[in-house]
Amino acid sequence: MNNDKNASVYNINKEYRIVNLKGNKCSLFFKNKQNMLLATLEGCGQVLTNILTSSERDLSEIEKGYLLSFIRAKKYSIAKEVAEFLSVSIIQYEDGREEYLSEKMLKKRIASGINFAKVFVGKLKSAHLIIPAETRNCSYNLSKAEVGVLTLEEGNSINIDLRDNEFVERLVIKDKFSGTLSLARTNLESVAIGNNCRCNLMMSDSKKCVNLQIGDVLSGNINIINSCLYALNIGYYAYADIMLSNNTVKKEIAIGDAFRGGIYAINQATDWFKIGNDCKGWVKLNNQNIISGVRNLLADNDFAGNINLSGDGSVRNINIGERLMGKIDATYAGGLERVVIGKYFNGTVDLSGAKVRQVFADYGASGVVNLQNCRQIDFLQATVDNDLQITGEIKSVDALSGDGKIMYYFRDRDNDAVKVPLLKRWYQNWHNKYRL
0 MNNDKNASVY NINKEYRIVN LKGNKCSLFF KNKQNMLLAT LEGCGQVLTN
50 ILTSSERDLS EIEKGYLLSF IRAKKYSIAK EVAEFLSVSI IQYEDGREEY
100 LSEKMLKKRI ASGINFAKVF VGKLKSAHLI IPAETRNCSY NLSKAEVGVL
150 TLEEGNSINI DLRDNEFVER LVIKDKFSGT LSLARTNLES VAIGNNCRCN
200 LMMSDSKKCV NLQIGDVLSG NINIINSCLY ALNIGYYAYA DIMLSNNTVK
250 KEIAIGDAFR GGIYAINQAT DWFKIGNDCK GWVKLNNQNI ISGVRNLLAD
300 NDFAGNINLS GDGSVRNINI GERLMGKIDA TYAGGLERVV IGKYFNGTVD
350 LSGAKVRQVF ADYGASGVVN LQNCRQIDFL QATVDNDLQI TGEIKSVDAL
400 SGDGKIMYYF RDRDNDAVKV PLLKRWYQNW HNKYRL
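Counting from 1, position 192 in the sequence shown corresponds to residue 191 in numbering that gives the first Met the number 0; the numbering is continuous, with no gaps.
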């Protein structure tokens with residue numbers, strides 16, 4: 000170190016030096032032997048936060064390497080912006096230590112496994128980047144990584160930040176993953192998450208249409224906002240909390256068997272929303288756009304959960320499988336046209352105030368259908384072999400039987416005057432009368 004009365008000088012080699020003017024504690028000046036200012040390093044308290052280059056030319060890779068050597072020698076810390084400028088990555092350990100690695104060194108460290116650290120990737124190019132199995136307590140900021148496919152091997156416990164990444168197109172998460180995925184504003188086209196994962200996934204403002212496939216036994220929180228999905232499929236026995244808001248889903252939203260979690264979906268533009276067998280979770284749909292929204296809601300057999308469509312404006316068809324024991328609340332559903340209830344129904348379907356036009360109930364039903372204030376209702380079909388209860392003040396103009404079914408018409412098919420007075424009675428009162 001050489002000193003004069005105006006500056007402290009650190010000679011990197013015969014060609015380059017760092018100059019620190021006395022009285023200026025927050026700026027260092029990188030100069031060559033001709034005393035030309037090449038860059039200004041800004042930062043106080045041993046932390047460099049920015050590097051400003053001379054307007055005459057950019058730094059060469061060799062000159063960036065000299066600066067990195069100086070930073071290491073003087074044990075400075077650097078901000079992410081400086082790491083990106085110098086084309087290096089940062090590994091910050093839990094004890095506060097930091098390493099600054101070139102692209103080649105970083106790839107070796109990732110392959111050997113990085114644990115209990117935070118990794119900021121300043122420069123990394125790879126067609127396929129693999130995070131090895133059993134990586135623990137690690138966070139990767141990959142926003143700048145130029146990677147085509149990112150794979151997390153089995154058993155990882157890490158956080159992945161891909162926000163604003165323009166390069167990754169495919170993300171593969173193997174089984175037993177535990178951690179957080181931040182996927183805002185990416186170019187992802189495919190996300191596949193394995194089985195037995197505890198995953199907090201946050202996706203927003205996708206730039207491409209993502210095919211999102213999630214395996215069995217999912218837990219955690221799934222939050223997808225203002226994005227395009229080709230399809231969203233979740234496997235068996237999921238008990239995650241899922242929030243969907245203002246998304247377009249081209250194919251379908253499909254929730255697998257034995258769902259035990261909760262779904263709150265606001266303004267989903269998709270034709271199909273499917274729920275598998277043995278569901279005991281809850282679903283709330285709230286689509287206010289009649290033109291675009293969920294069109295068809297299907298719940299398979301043994302549904303024992305809760306579906307709330309109260310005030311929904313887009314669902315047109317509800318189709319429930321056999322042995323429903325749960326509750327469907329479709330009160331004041333403004334787009335609803337048709338409800339089909341499967342065999343051995345023993346739950347509650349509340350359609351009061353909805354614009355439903357047709358209701359079908361298969362045999363063995365003993366549950367309750369509420370048609371209070373259903374002013375658009377045209378037709379209800381049930382079977383003689385059940386104890387279905389129909390509640391609500393409705394006007395029936397005709398009631399016919401045949402082939403084991405009873406068909407109620409609430410509008411005169413010939414536009415004649417009303418033939419049958421006000422009908423307010425339980426369905427079983429008609430049961431014996433129309434038994435074949």
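Glycine residues also receive a C-beta, built at the ideal position from the N, C-alpha and C atoms.
Query, Result
"Is it the case that the Cβ atoms of Asn369 and Arg337 are separated by a distance below 8 Å?", "no"
"State the DSSP-derived secondary structure class of Tyr238, mapped to helix, strand or coil.", "coil"
"CB Thr134 to CB Asn164, shorter than 8 Å?", "no"
"Tyr15 to Lys79, Cα distance in whole Å?", "24 Å"
"With a 10 Å radius around its C-beta and 16 neighbouring C-beta atoms as the bar for buried, classify Asp160 as buried or exposed.", "buried"
"Would you report the Cα separation of Gln91 and Ile70, rounded to the nearest angstrom?", "15 Å"
"Please state if the CB of Gln375 and the CB of Thr438 are separated by a distance shorter than 8 Å.", "For the chain, the structure presents residues 0 to 435; residue 438 sits outside this window and is missing."
"When DSSP labels each residue in this structure, what does Phe84 get in the three-state scheme?", "helix"
"Which value, in whole angstroms, describes the spacing of the CA atoms of Tyr99 and Val209?", "34 Å"
"So within the segment 338-416, which uninterrupted beta strand (DSSP E) runs reach at least 3 residues, ignoring any that extend past its ends?", "347-349, 357-360, 367-369, 378-382, 388-390, 397-401, 404-408"
"Hey, out of Asp277, Cys278, Asn276, Phe272, whose CA is closest to Leu284's CA?", "Phe272"
"Candidates Asp402, Gln388, Ser189, Tyr408: which alpha carbon is nearest Val396's?", "Tyr408"
"Tell me which same chain residues have a C-beta within less than 6 Å of the C-beta of His430, skipping the five on either side of it?", "Summary for His430: the model assigns pLDDT 41, below 50, so the residue's position carries little reliability, and this model does not support an answer."
"Between the alpha carbons of Lys13 and Leu149, how many angstroms are there, rounded?", "43 Å"
"Measure the Cβ-Cβ separation of Ala364 and Ile340 and say whether it is below 8 Å.", "yes"
"If I measure Cβ to Cβ from Lys207 and keep anything under 6 Å in the same chain, skipping five residues before and after, which residues do I get?", "Asn186, Glu188"
"Would you check if the distance between the CB atom of Phe29 and the CB atom of Leu66 is smaller than 8 Å?", "yes"
"Please identify the residue among Leu40, Asn31, Lys32 whose C-alpha is closest to the C-alpha of Asn19.", "Leu40"
"Who pairs with Phe29 in a beta bridge, going by DSSP?", "Ile17, Ala38"
"What is the rounded straight-line gap between the Cα of Gly42 and the Cα of Leu27?", "8 Å"
"Got a sec? Which residues, its chain only, sit under 7 Å from Asp277 by beta carbon, not counting five neighbours each side?", "Asp256, Ala257, Asp301"
"May I ask you to list the residues that DSSP assigns as paired with Thr52?", "Ala38"
"In the DSSP assignment, what residue or residues form a beta bridge with Thr247?", "Cys227, Ala268"
"For Met104, does the three-state DSSP call read helix, strand or coil?", "helix"
"Given Ser177, which residues of its chain have a CB within under 6 Å of its CB, disregarding the five upstream and five downstream residues?", "Ser156, Arg197"
"Give the DSSP-derived three-state secondary structure of Ala298 in the structure shown.", "strand"
"Is it buried or exposed for Ile452, if we count other Cβ within 10 angstroms and need 16 for buried?", "Only positions 0 to 435 of the chain appear in the structure, and residue 452 is not among them; the question remains open."
"Return the chain-ordered list of same chain residues with a C-beta closer than 6 Å to the C-beta of Tyr75, the five sequence neighbours on each side being excluded.", "Gln45, Leu47"
"Alpha carbon to alpha carbon, what distance is there between Gly346 and Ala360?", "12 Å"
"To the nearest angstrom, how far is the alpha carbon of Ala264 from that of Asn158?", "25 Å"
"Comparing alpha-carbon positions, which option in Tyr139, Lys326, Tyr362, Ala144 lies nearest His127?", "Ala144"
"Under three-state DSSP, which class holds Tyr92?", "strand"
"Return the bridge partner residues of Glu133 from the DSSP annotation.", "Partner(s): none; Glu133 has no beta bridge."
"Please state if the CB of Ala298 and the CB of Ile274 are separated by a distance shorter than 8 Å.", "yes"
"Could you spell out where the beta strand (DSSP E) holding Gly147 opens and where it closes?", "145-151"
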